[in-house]
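Here numbering that gives the first Met the number 0 is used: the first residue of the sequence shown is 0, the next is one more, and so on. Read through the structure below, which is laid out as structure tokens, and then see the notes.
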Amino acid sequence: MRIKEFKIEKYGPISSRKSFVLKDFNIFWGKNEEGKTLTIEALIKLLIGKYSRKFENIDRVEEVPIGYVGMESNEGKELIFPNEGVLTDILGISTGDFRNIFLIRNSDLSISDEENFYSSIVDKLTGLNLERIRRIKDKIFSIVNLTPNFQIKNTVDSGKLKSRYESAKKVLTEIEKLLKELQDKDFDRIELEIVKATDEIEQVKENIEQLENARKKRNLQNALKIIEEYHNAAKKLDGLLKITQEELKRLIESQSFVRTRKEDVNDDKKRLESIEKEYSQELEKLNGKRNLLSSFEDKKSKLDVFKERLKSYIEKYEKYEGFVSFEKKTLNIVVVSALILLISILGMIVRAGSLFQVTFIISGVISLFLGGVKIYNACKGAYLSKVFSSLKNELIKLNIEKDTSNWCNHEEILRSVASFEEKYEDLKKDIEYTQTKVSNMHSKINELRTKIESEIKDINNKESEIRGILYEAGVKSVDEYTKKLNEKRVLENSLVGFIQSLKTIYPEMNLNNITEWEKALSRFEPYPELPIDIEYSEEKYSELKERYKQLEEKLQYLESLKDSYSDKFRSIEREAQSVLMNTEVVNIGSLADLEKITGDLKEFIRDVETSIEDGKKVINILEKMETERKAEISELLSNESSTVEYFKFFTDNLYKEILFDTDEKKIIAVRSDGVRLSSEKLSSGAYDQLYLAIRLGLAEKVFQDSKGF
Numbered sequence: 000m001r002i003k004e005f006k007i008e009k010y011g012p013i014s015s016r017k018s019f020v021l022k023d024f025n026i027f028w029g030k031n032e033e034g035k036t037l038t039i040e041a042l043i044k045l046l047i048g049k050y051s052r053k054f055e056n057i058d059r060v061e062e063v064p065i066g067y068v069g070m071e072s073n074e075g076k077e078l079i080f081p082n083e084g085v086l087t088d089i090l091g092i093s094t095g096d097f098r099n100i101f102l103i104r105n106s107d108l109s110i111s112d113e114e115n116f117y118s119s120i121v122d123k124l125t126g127l128n129l130e131r132i133r134r135i136k137d138k139i140f141s142i143v144n145l146t147p148n149f150q151i152k153n154t155v156d157s158g159k160l161k162s163r164y165e166s167a168k169k170v171l172t173e174i175e176k177l178l179k180e181l182q183d184k185d186f187d188r189i190e191l192e193i194v195k196a197t198d199e200i201e202q203v204k205e206n207i208e209q210l211e212n213a214r215k216k217r218n219l220q221n222a223l224k225i226i227e228e229y230h231n232a233a234k235k236l237d238g239l240l241k242i243t244q245e246e247l248k249r250l251i252e253s254q255s256f257v258r259t260r261k262e263d264v265n266d267d268k269k270r271l272e273s274i275e276k277e278y279s280q281e282l283e284k285l286n287g288k289r290n291l292l293s294s295f296e297d298k299k300s301k302l303d304v305f306k307e308r309l310k311s312y313i314e315k316y317e318k319y320e321g322f323v324s325f326e327k328k329t330l331n332i333v334v335v336s337a338l339i340l341l342i343s344i345l346g347m348i349v350r351a352g353s354l355f356q357v358t359f360i361i362s363g364v365i366s367l368f369l370g371g372v373k374i375y376n377a378c379k380g381a382y383l384s385k386v387f388s389s390l391k392n393e394l395i396k397l398n399i400e401k402d403t404s405n406w407c408n409h410e411e412i413l414r415s416v417a418s419f420e421e422k423y424e425d426l427k428k429d430i431e432y433t434q435t436k437v438s439n440m441h442s443k444i445n446e447l448r449t450k451i452e453s454e455i456k457d458i459n460n461k462e463s464e465i466r467g468i469l470y471e472a473g474v475k476s477v478d479e480y481t482k483k484l485n486e487k488r489v490l491e492n493s494l495v496g497f498i499q500s501l502k503t504i505y506p507e508m509n510l511n512n513i514t515e516w517e518k519a520l521s522r523f524e525p526y527p528e529l530p531i532d533i534e535y536s537e538e539k540y541s542e543l544k545e546r547y548k549q550l551e552e553k554l555q556y557l558e559s560l561k562d563s564y565s566d567k568f569r570s571i572e573r574e575a576q577s578v579l580m581n582t583e584v585v586n587i588g589s590l591a592d593l594e595k596i597t598g599d600l601k602e603f604i605r606d607v608e609t610s611i612e613d614g615k616k617v618i619n620i621l622e623k624m625e626t627e628r629k630a631e632i633s634e635l636l637s638n639e640s641s642t643v644e645y646f647k648f649f650t651d652n653l654y655k656e657i658l659f660d661t662d663e664k665k666i667i668a669v670r671s672d673g674v675r676l677s678s679e680k681l682s683s684g685a686y687d688q689l690y691l692a693i694r695l696g697l698a699e700k701v702f703q704d705s706k707g708f
């Protein structure tokens, strides 16, 4: 049979919505107070229910666990507890057997109540023999009216036999005494006893009074000493009034504040250092950019003048291009006009005529005009080329361009100027952005510096506050302050203890104020001087009180005997009637009547004692049989038992045998070399191995074919 799963929905602080499925070997682990022990307790309560109360230290939670334990029998049947009932009833074993065989707590493998446990196992293994012997013993005890410890019963069923037996003896003693007194008629002796008892009573009363005075004096002295100690403690406490839990809390909080603020200051200083470093770098960059901008602005001012010249050049160049274009367009006219002029000249040479003169003049004018245009364009082009070269050289001088030798037209110059202006604008924007960044960083630096100053100020204030509290308390550190506060608590508790001690001395005075106690004790009158040897003793006081009571009873008895024997006769009649339980009324009127009652009482006592003696003989025989049966316990640990085999295996055959000492009621382990050691003399390892072997072996004995493990 084994546990397959369990679920503990609620048990004290334990609660769970899931089931735990177990394997062949399981370990429950966790931190302290996480519920490991309570889980085991809940499993025990679910399995054996009300019988769990017999377990030690299982009452930490006063409630019944809510949940279940699922088990599987050796036959494969599933059992759900507590629905199935009580596990020990199903197994047919006692709660003690269950604990001793299956449960080990705190690494303690020893067996609880060993002797009775082994007897219980023997009963199970040997059948009903021991149980029948016990029942016969119980029957004989009942017949002869004896208790198991051979005391006479005093139950209603026995007719209050013990009381009657003791009363019979008492009445016999009284009768014998009375007979003697009546026979002797020694009334003088009775009177003398009365006088002696009276004198002794007076002496005892005086002794009691002296002891009571001694006790009162001792109590007063102790109380005054306690009051003195109270004032001494109160005086010390006065010096600690400024030390309070609230101030300690302030100290601890202030220390924590200072520690946190110092960490903040360190972090802020690191941030400040980083930002200042970056600020320095950015400022250096900004200055460099500003210097570059200054250079750019100088170039820009010169470039503005340059741009005017360039503009003039471009305007002239565009006009020049118009003339060049016109020249190109009139090239054919020039050629034709030149031909006409040549023909006209030839015609005028060959043949003079007005027509050739007209054509000569017209073509000559045209040729001269167009020739003038050609010459103008040539001169203008040369001039513009010179200006263009000058413009290129000026760009190089302005350090805007390094090489312009490959430039062919002013478009390159325009592009170069536009590129410079674009760089100039970009540089201005970059400087503006950098200025904003540097300004923000400067603000952040100022902000951090202000914050650090504020934090340092807070630290100084808190440290000043700490020093002020420590100075007020007269200490130098928080640890010393804590020590003083603990001392104050001890003193406060001692004051309460002193008041409680006073209440213990004078329980009838329920006072809670030391002033009230001083006032109350001051009203006590000084006690008379006592003899030097008088010292209060509770034992002596009790003895005197008991002696006083005995003397009072004796005096009353003697006086009643002296006054009249009739009362004694009536008393004897009543007691004899209650002892003998006769239906007839016993009347004592003579010594013969007393002697007859004496004979009846002796016969009653003799019958009771004879019955008891016979019962004891039979019971002794039965107990001998029981002892012989109990000797079979040793068979549980014989060399043929699995217990010994387990023990040999566990100890690598260091031990060869296990014995049970029936006289000492101890387990004896026998080593291979023959040395015998009682279980308590074994090493802790061998001790655990021994009792584990016993548990395994007994489980096999109890469950036979179905092993317990």
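Ideal Cβ placement from N, Cα and C applies to all residues, glycine included. In this text, all values refer to a predicted model and were calculated from it rather than measured experimentally.
If you draw a straight line from the alpha carbon of residue i to that of residue j, how long is it in whole angstroms?
| i | j | result |
| --- | --- | --- |
| residue 462 | residue 240 | 23 Å |
| residue 506 | residue 171 | 47 Å |
| residue 212 | residue 540 | 11 Å |
| residue 688 | residue 646 | 7 Å |
| residue 686 | residue 667 | 11 Å |
| residue 436 | residue 419 | 25 Å |
| residue 66 | residue 684 | 37 Å |
| residue 206 | residue 216 | 15 Å |
| residue 538 | residue 214 | 12 Å |
| residue 485 | residue 234 | 16 Å |
| residue 308 | residue 285 | 34 Å |
| residue 522 | residue 460 | 57 Å |
| residue 37 | residue 15 | 13 Å |
| residue 414 | residue 299 | 15 Å |
| residue 582 | residue 94 | Low confidence applies to residue 582: its pLDDT is 49, below 50, so where it sits in the model is not reliable, and the reading given next is rough at best. Distance between the alpha carbons of residue 582 and residue 94 is about 51 Å. |
| residue 1 | residue 63 | 23 Å |
| residue 455 | residue 480 | 25 Å |
| residue 192 | residue 552 | 13 Å |
| residue 244 | residue 228 | 25 Å |
| residue 673 | residue 613 | 46 Å |
| residue 270 | residue 443 | 10 Å |
| residue 699 | residue 617 | 36 Å |
| residue 579 | residue 499 | 57 Å |
| residue 429 | residue 411 | 26 Å |
| residue 473 | residue 466 | 10 Å |
| residue 180 | residue 173 | 10 Å |
| residue 594 | residue 600 | 10 Å |
Compute the distance between the beta-carbons of residue i and residue j, then report whether it is under 8 Å.
| i | j | result |
| --- | --- | --- |
| residue 495 | residue 250 | no |
| residue 468 | residue 261 | no |
| residue 504 | residue 231 | no |
| residue 61 | residue 69 | no |
| residue 502 | residue 509 | yes |
| residue 642 | residue 692 | yes |
| residue 682 | residue 665 | no |
For the putative contact between residue i and residue j, defined by C-beta atoms under 8 Å, what is the C-beta separation to the nearest angstrom?
| i | j | result |
| --- | --- | --- |
| residue 203 | residue 546 | 6 Å |
| residue 427 | residue 292 | 7 Å |
| residue 464 | residue 253 | 6 Å |
| residue 767 | residue 46 | Shown here, the chain extends from 0 to 708; a query on residue 767 therefore has no answer. |
| residue 242 | residue 9 | Not quite, the Cβ-Cβ distance comes to about 46 Å (not below 8 Å), so this is no contact. |
| residue 577 | residue 163 | 7 Å |
What are the boundary residues of the beta strand (DSSP E) that residue i is part of?
| i | result |
| --- | --- |
| residue 657 | 654 to 660 |
| residue 43 | Per DSSP, residue 43 belongs to no beta strand (DSSP E); it is in the alpha helix (DSSP H), 35 to 47. |
Can you confirm whether residue i, when its beta carbon is compared against all beta carbons of chain C, has any partner nearer than 8 Å?
| i | result |
| --- | --- |
| residue 274 | Protein chain content of the structure displayed is limited to a single chain, and chain C is not contained in it. |
Could you name the residues that DSSP lists as bridge partners for residue i?
| i | result |
| --- | --- |
| residue 19 | 5 |
| residue 675 | 669 |
| residue 13 | 10 |
| residue 70 | 2, 78 |
| residue 65 | 9 |
Need the endpoints of the alpha helix (DSSP H) that residue i sits in, please.
| i | result |
| --- | --- |
| residue 486 | 477 to 504 |
| residue 515 | 513 to 521 |
| residue 644 | 641 to 649 |
| residue 239 | Element bounds for residue 239: n/a, residue is neither H nor E. |
| residue 86 | 86 to 90 |
Quick check: is any heavy atom of the ligand NAD less than 7 Å from the C-beta of residue i?
| i | result |
| --- | --- |
| residue 199 | What this structure holds is no ligand at all, so the ligand NAD is not there to describe. |
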